[in-house]
Amino acid sequence: MPGGRANIPASESEEYFGWQDFDVKRDDVARGTACPVRACIAPLLQVPAGKSERPVCPVHGIRLHANTFVYWNGDGPSDKAHLRNFRIRPDLARKYVFASTEKAEKHRLGHEMSEDALSWNVFAGLLDAGTLRDATEFLTGRKIAAQPELYLWGERIDLAGGEPSRFEMLEKVGRELEREIRHFRTEPDVILHIPGQIVVCIEAKFGSGNTLAHESNAKADEKPTSVEGLVKRYLDRSSERTRKSIDREAIGSRLHGQLFRNIIFASEMAGKEDWQVVNLVSDEQWKETAPTSRSIEYSFENPEKDVRAYLNPDHRDRFTYRTWEDLYRRVVKEDKRLKKVADYMLSKSAHYKSAFKLA
Ligand SMILES: [Zn+2]
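Following the numbering used here, the numbering of the sequence shown begins with 751 at its first residue and continues without gaps.
Structure (structure tokens):
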């Protein structure tokens, strides 16, 4: 048996935990020697995690990391553990996300801080309640004519449960612009599509920041990270239509790399249709992180000014910056059809505390 740990049984817990379930003020929890779930007295067990070990609570089925946790139902990748983090339409998550061979970073789906789980629960919830159009109007600041189709990480999320299918234009543009890229091709978190009308790409953030272009030793089969590398690979290879919407000279040394790629991809995927890119972040999480972040690779500040600076005047409104908190207040809160999404957002934890200030 690997590591001789066969005697640690996989946890059978199917529970989900919101911030109200935790008590991190207890001394033994603060010291990292007890399970953070309120009143839990189960002794922690050590399980292998990467090259080291981490404590798990076998009763509550969580593995403890530095100030956060991961759902744990035994060692190794586990749909059972991931599913506990997918609160809304888990049947569809299993079919379209867990089974996807394209989805990047699948091993992180059971993390408390998973941006993917957050995006799933909110957007699958909006789709399931028939309110995706309202949400799209808020996110884009535009009048939207119909209910959009929903794609998460390029996979069509179909309420009718049809066969899995990818967003075709993403595959096509990826082949053109990222032919040699082997890992982590550009993959907008969320795509909202109204065929014949508009393609909306959403770059969703929770605890992490927007990536900033920086010098690095990116290999030939990796995405470039420098301003020059990004411009050459994505803008200079794109269609005339895309090049006309961007002022190359106005791209400064401070370039939000991921947002820039999203803009190029949105324009290229749209073809003759309209397009929009939305950066959706957590106001609360960014406020917590920004003051302590000294990273040159990530930004925790509103990028609107920087992004719009290189969009030609006719195209400036095609980039919008929104927060999960405002999405809740403007779209979710008052709509009775969205009670499940509201409950999820209200109870969502980040580092064991309430993730969003929604009062
Ligand atoms: Zn416990």
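Ideal Cβ positions, reconstructed from N, Cα and C, are used throughout, including at glycine.
Check	Outcome
Buried versus exposed call for serine 988 [16 or more other C-beta atoms within 10 Å across all chains shown]	buried
Touch test, the region 951-971 against the region 1026-1041, Cβ-Cβ under 8 Å, three pairs minimum	yes
Beta carbon of isoleucine 907 nearer than 9 Å to that of leucine 868	no
Proline 808 and proline 759 closer than 9 Å at C-beta	yes
Alanine 1040 beta carbon less than 9 Å from that of histidine 1006	no
beta-carbon isoleucine 944 near ligand 1 non-hydrogen atom, thresh 8 Å	no
Integer-rounded CB distance, given that tryptophan 1025 should sit under 8 Å from isoleucine 1110	Lying before the first or after the last residue shown, residue 1110 is absent from the chain, which here runs from 751 to 1109.
Those runs of the alpha helix (DSSP H) which lie wholly inside the region 983-1030 and span at least 4 residues	990-995 and 1007-1020
N-terminal and C-terminal residue of the beta strand (DSSP E) that arginine 1072 is part of	1069-1073
Test item: CB-CB of valine 738 and histidine 815 under 9 Å	Residue 738 falls outside the range modelled here, since the chain spans only 751 to 1109, and no answer is possible.
CB contact flag (glycine 1090, arginine 837, <9 Å)	Position check: residue 1090 holds lysine in this sequence, whereas glycine was assumed. Their beta carbons are under 9 Å apart, which means lysine 1090 touches arginine 837 by this criterion.
Nearest candidate by alpha-carbon position, reference lysine 873, set Glu965, Tyr1048, Asn823 and Glu905	Note on residue identity: the sequence assigns phenylalanine, not lysine, to residue 873. Phenylalanine 873 has its Cα closest to that of Glu905, out of Glu965, Tyr1048, Asn823 and Glu905.
From Asp997, Thr818, Leu794 and Thr890, residue whose alpha carbon lies closest to that of leucine 1077	Thr890
Counterpart residues of asparagine 960 in DSSP-defined beta bridges	Ser1049
Span of the alpha helix (DSSP H), counted from its first residue to its last, around arginine 883	882-890
Terminal residues of the beta strand (DSSP E) in which glutamine 947 lies	It is not in any beta strand (DSSP E) - glutamine 947 carries neither H nor E in the DSSP assignment.
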